[in-house]
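Novice: Residues in the sequence shown are numbered from 3 upward in steps of one, following the numbering used here.
Think of the CB as a built atom: it goes at the ideal place given N, C-alpha and C, for glycine as much as any other residue.
Note that this is a predicted model, so its numbers are computed, not measured.
Sharing a structure here in structure tokens format.
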Amino acid sequence: MAVFPWHSRNRNYKAELASCRLETVPLECGDYHPLKPITVTESKTKKVSRKGSTSSTSSSSSSSVVDPLSSVLDGTDPLSMFAATSDPAATVTVTESSRKKRDKDENSFVGPDFEPWASKRGEILARYTTTEKLSINLFMGSEKGRAGAAASAMSEKVRTRLEELDDFEEGSQKELLNLTQQDYVNRIEELNQSLKDAWASDQKVKALKIVIQCSKLLSDTSVIQFYPSKFVLITDILDTFGKLVYERIYSMCVDSRGALPDHFSPENVNDTAKETCLNWFFKIASIRELIPRLGISECLPRLTCMIRGIGDPLVSVYARAYLCRVGMEVAPHLKESLNKNFFDFLLTFKQIHGDSVQNQLVAQGVELLSYLPLYSPAMGWIFQCVSYHAPEALLTEMMERCKKLGNNALLLNSVMSAFRAEFIATRSMDFIAMIKECDESGFPKHLLFRSLGLNLALADPPENSRLQILNEAWKVITKLKSPQDYINCAEVWVEYTCRHFTKREVNTVLADVIKHMTPDRAFEDSYPQLQSIIKKVIAHFHDFSVLFSVEKFLPFLDMFQKESVRVEVCKCIMDAFIKHQQEPTKDPVILNALLHICKTMHDSVNALTLEDEKRMLAHLINGFIKMACVAYCFITVPSLVGIFTRLNLYLHSGQVALANQCLSQADAFFKAAISLVPEVPKTISIDWKLRPSEPFLLEFLCNFFSTLLIVPIVYRHQAEKTKHDSAVGSLCSDSKFSEGNPEAQPQTCSGDHPEHGVLFLVRELLNVIQDYTWEDSSDDKIRIYTSVLHLLSAMSQDTYLYHIDKVDSNDSLYGGDSKFLAENSKLCEAVMAQILEHLKTLAKDEALKRQSLLGLSFFNSILAHGDLRNNKLNQLSVNLWHLAQRHGCADTRTMVKTLDYIKKRSKQPDMNHLSELALRLPLQTRT
């Protein structure tokens, strides 16, 4: 028999449903309707030459009321016209557009993989605080000569600015002493706002003086622990001033020719803007103090050299950090300037241990151990800018320079924090050797191992050195006496241990953590780190039978004795169990522990618990109860006597499991149902009478196929690929429904399987159906095959007919994958071959009626689900039409109705090919 390829028809279920609905007829009620709003129009004559009319209506869709005043002025307001002529208001639009343009340019240079300064700002302000009193010098300003009075004549404007300069020279300043940190922050914010107000009121000189005063504060290191936060606050003001100056100059470039291009050159700028820019450079050059002049200038190479004149190494490194930050915003491609800043810093790094710094630390009572971390934000930023998209060779060069400086711990830490984790991981043993030999005065080695661990959590080191790396790091970590230092390092290295080692090594690490954190109840001060450890362990051990076999896991949970923290940990564990538990479990240890976890969450609810929290806890507890119910069903169903009772309960339990997102449990139910089909007897007792079982089996299998349409893919862990479900058995290698190329298929289960490829459950069920012994006088087997053909056609659609809420079916998971569709077509061809082979066996006198009915049924299936534009499939349908009428066994009325239906469908869009088919389908008389 010839092989006929199957081509499924593309279905648009929404359009088909809409075409089946009753036609809607519009209802015309005329102009009057009792619920229609009443409209009242009132006309008034104004004294002006135009007539205005207002209409009031109760309908919300009525037209807007015309304002007679605005109609007289033709939409122009004299106040708006006057305001439009002033410089500040006229440049608002230009300012906004310039800001967006500059932001766009910045994003085009620096990619999203570069961590912005804004993300570090909050961390610096929160980390570097002080309880000492601070002082600040405020410029009080002059109330003489405001812009409103000076705008009338240029001479008065010049005189006002000269008076302001004289006022500044006379020392119109106020020193505020004994400020708390919050007061200091508030004063800086007030200065920032004063800068914006002065600029908006056209008091450019006052704005410049505010910036100069703030820049001077950067040279003050009297409260040295607060300096990083002070740097952040002051540079915010410098950023504001820089944007204001840029936007002013940019607005002067906008004329009748339009705005500047995205990447403009000096030739695109007009003379007015050039002159104003030069004027600003002259103003900045006249500043006597070095640090204010550095902060306001914007010539990168010259400023890099000017920073060498700053004697204080802390002030110098933060000045270089600010220069690198501005450089990354305006010219990130100028790597020479960034590298020069870094190498200049290395040359002056030894000043940190000089006499001047040591004397300053003694005067303020600050130890070197507290002083060196003040460099971390600035050095980290400089290293980040230098290492951004830098080649791996630059890391090698920096490592060599660090060795020449005696492997300084602070430098080494900055290198490991800045460069890509892949570069650091491949050189893990080299870094460990440098850490061993480094000078850790003021910067302990365990912090270096913590930085190394952070990189190894993101990238994998060479496989042959992974155990040695862990041993070298843990030798240092386990010797730490301070519980806080210990837990900060251990938290990082737990991730590395879980990624690359088994439960044995993880158990050793957890035991060591318990040993260090239990004495003196040190765990009470480290709940965040302990929570992080639990999350990392759970993230890597999805099999709870393995997780709870870790000896120290449950004792580790006992350290969470604060109720709120314990509840959060319980939520994490239960959420992981619901998401990742693959198989029902009978382990009493696991069940008892999870039950205790649910009880802990339940008992935490009180009258003050928020509704969102209640819903979350209820969801987690219900998830465990659902799994418990699913497990109970899976265990108790086999004890029932009725074969179809068991089959239907397996199917219904699987459907309930799917509806509750218990995908692996549903998979187990469906496999159990498949394994039970061969046990169906030929007859069953119903009301004490023996009846054939095939009709009941046919009904069950049709329901089963309808469920298989929405069974999704469930990816399993790599280690579980070798597992076999004893209830299902393996496919026969000589089966007609075996996988064509299992090795080329995705690793899936449920609808598919990691070893047997796509559509595993469908193939397994077809193999069971084929091996089942059917009655010779029955055609139920072919009817089942026809239902399978309908299922496979529905599976090949881009969007399925129905779904389960919160469960992704294969239409969204496979997304029209070519391999999936190819395997689907192969299976369809195999099913068609079985149907045609059975039709061939019915070519006997006593079976001609059955052959006619099955032929017409198969024809209707092809008509409904097949793409008859395919020539071979079209010819097969014609052959089946003739087969149904060949021996005069067909019902003429049914054949006529079928042909009329085909002609009607041929008039629909994209159905013209059915017209040609109808011409090839003759109606034969019984004679």
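1. Just checking my contact of residue 576 with residue 625 at CB under 8 angstroms: how many whole Å lie between their CB atoms?
2. Residue 731 to residue 680, Cα distance in whole Å?
3. Indicate whether the contact test is met: 3 or more Cβ pairs, each with one atom in the stretch 854–861 and one in the stretch 891–905, closer than 8 angstroms.
4. With DSSP as the reference, please indicate the residues paired to residue 136 in a beta bridge.
5. For residue 481, which of helix, strand or coil comes out of DSSP?
6. Applying the criterion that 16 or more other CB atoms from any shown protein chain within 10 Å of the CB defines a buried residue, is residue 463 buried or exposed?
7. With a cut-off of 8 angstroms, do at least 3 Cβ pairs link the stretch 382–395 to the stretch 335–348?
8. According to DSSP, what are the bridge partners of residue 685?
9. State buried or exposed for residue 583, treating a residue as buried only when at least 16 other CB atoms are found within 10 Å of its CB.
10. What residues match up with residue 10 in a beta bridge as DSSP calls it?
11. Straight-line CA distance for residue 778 to residue 839?
12. Rounded to a whole number of angstroms, what is the C-alpha to C-alpha distance between residue 449 and residue 799?
13. Which residues bound the alpha helix (DSSP H) around residue 15?
14. Using only the alpha-carbon positions, how far apart do residue 202 and residue 329 sit?
15. Cα separation between residue 728 and residue 514?
16. Run the CB neighbour count on residue 131, radius 10 Å, all protein chains shown included, and call it buried at 16 or more, exposed below.
17. Have a look at residue 556 and residue 568 and give me their C-alpha separation to the nearest angstrom.
18. Does the ligand NAP have a heavy atom nearer than 8 angstroms to the CB of residue 464?
19. Under three-state DSSP, which class holds residue 809?
20. When you compare the CB positions of residue 362 and residue 223, do they come within less than 9 angstroms of one another, or not?
21. Tell me which residues share the same chain as residue 905 and place their Cβ nearer than 7 angstroms to its Cβ, disregarding the 5 neighbours each side in the sequence.
22. Within this structure, are the beta carbons of residue 405 and residue 436 separated by less than 9 angstroms?
23. Flag this pair as touching only if the stretch 503–518 and the stretch 551–565 have three or more C-beta atom pairs under 8 angstroms; answer yes or no.
24. Is the beta carbon of residue 571 sitting closer than 9 angstroms to the one on residue 559?
25. Give the straight-line distance between the Cα atoms of residue 434 and residue 243, rounded to the nearest whole angstrom.
26. What's the C-alpha gap between residue 272 and residue 240?
27. With H, G and I counted as helix, E and B as strand and the rest as coil, what does DSSP make of residue 269?
28. Under 8 angstroms by Cβ, that's how I've got residue 423 and residue 460 pegged, so tell me the actual separation to the nearest angstrom.
29. Does the distance from the CB of residue 598 to the CB of residue 10 come in under 9 angstroms?
30. Taking the straight line between their C-alpha atoms, what separation do you get for residue 485 and residue 519?
31. Alpha carbon to alpha carbon, what distance is there between residue 807 and residue 664?
32. For residue 814 and residue 660, what's the separation of their Cα atoms in angstroms?
33. Kindly list the residues whose CB is nearer than 6 angstroms to the CB of residue 850, restricted to its own chain and excluding five residues on each side of it in sequence; keep chain order.
34. Nearest CA to the CA of residue 589: which residue from 545, 573, 617 and 574?
35. Which whole-angstrom value is the C-beta distance of residue 793 and residue 870, which I expect to be below 8 angstroms?
36. Just checking my contact of residue 322 with residue 345 at CB under 8 angstroms: how many whole Å lie between their CB atoms?
Specialist: Answer, in terms of the structure:
1. 7 angstroms
2. Per-residue confidence for residue 731 stands at a pLDDT of 30, beneath the threshold of 50, marking its modelled position as unreliable; no derived number is given.
3. yes
4. 181
5. coil
6. buried
7. yes
8. 694
9. buried
10. 868
11. 14 angstroms
12. 56 angstroms
13. 15–22
14. 27 angstroms
15. Unreliable placement is indicated for residue 728, whose pLDDT of 30 sits below 50; no coordinate value is reported for it.
16. exposed
17. 13 angstroms
18. Summarising the ligand content, the structure contains no ligands, and the ligand NAP is consequently not present.
19. strand
20. yes
21. 920
22. yes
23. yes
24. yes
25. 45 angstroms
26. 26 angstroms
27. helix
28. 4 angstroms
29. no
30. 6 angstroms
31. 12 angstroms
32. 16 angstroms
33. 889 and 891
34. 545
35. Their Cβ separation, rounded to whole angstroms, is 20 angstroms, which puts residue 793 and residue 870 out of contact at 8 angstroms.
36. 11 angstroms between Cβ atoms; not a contact.
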